[in-house]
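Worksheet: one structure, shown below.
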Ligand SMILES: [Zn+2]
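Numbering (the UniProt record's numbering), first residue to last: 1 to 135.
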């Protein structure tokens, strides 16, 4: 029986849903999909400057798995950069340490709300206007 795959821990959802190039004729259908755990690996290793060992501990994966996730993320960034494709961040095999949502109007990140009401930034009513980032 195959070992059940453990979910990778992601602490920080990205501020954006993806990334778009400019200065080229843009086709939304052509994009690279980056998983949340790939974004997290880039954040921890490049932005926070953590070693692969420490980043692996944070995400509760082995060091080789972290390196595999990180290399895959770099490959996707390279593809988007060179080919002028947008990068959409979605999906993956991960879990957040708390629930994360995003306002559909202003894209503000909101963590662990118990009673969704209105967005403090744009006052959009949250009833049907939240993007659920949790798997
Ligand atoms: Zn809002």
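Backbone N, C-alpha and C fix where the C-beta goes; we use that ideal spot for every residue, glycine too. As the structure is a computational prediction, the values presented were derived from the model and not from experiment.
Taking the alpha helix (DSSP H) that residue i belongs to, which residues open and close that run?
i	result
residue 76	63-83
So residue i is in the beta strand (DSSP E); what residue range does that whole segment cover?
i	result
residue 131	130-132
residue 34	31-34
residue 9	8-10
So what's residue i in DSSP terms, helix, strand or just coil?
i	result
residue 46	helix
residue 59	helix
Mind checking residue i: buried by the 16 CB within 10 Å criterion, or exposed?
i	result
residue 137	Lying before the first or after the last residue shown, residue 137 is absent from the chain, which here runs from 1 to 135.
residue 47	exposed
residue 122	exposed
residue 78	exposed
residue 25	exposed
residue 35	buried
residue 58	buried
residue 45	buried
For this session: Under 7 Å from any heavy atom of ligand 1, by CB: list those residues in chain order, please.
Result: Every residue whose Cβ sits closer than 7 Å to any heavy atom of ligand 1 is listed here in chain order: 103, 105, 106, 108, 119, 121, 122, 124.
For this session: Report the residue ranges of all beta strand (DSSP E) runs contained in full by the region 90-124; include only those spanning at least 3 residues, in chain order.
Result: If only complete runs of 3 or more residues are kept, the region 90-124 shows the beta strand (DSSP E) at 94-96, 100-103, 109-111, in order along the chain.
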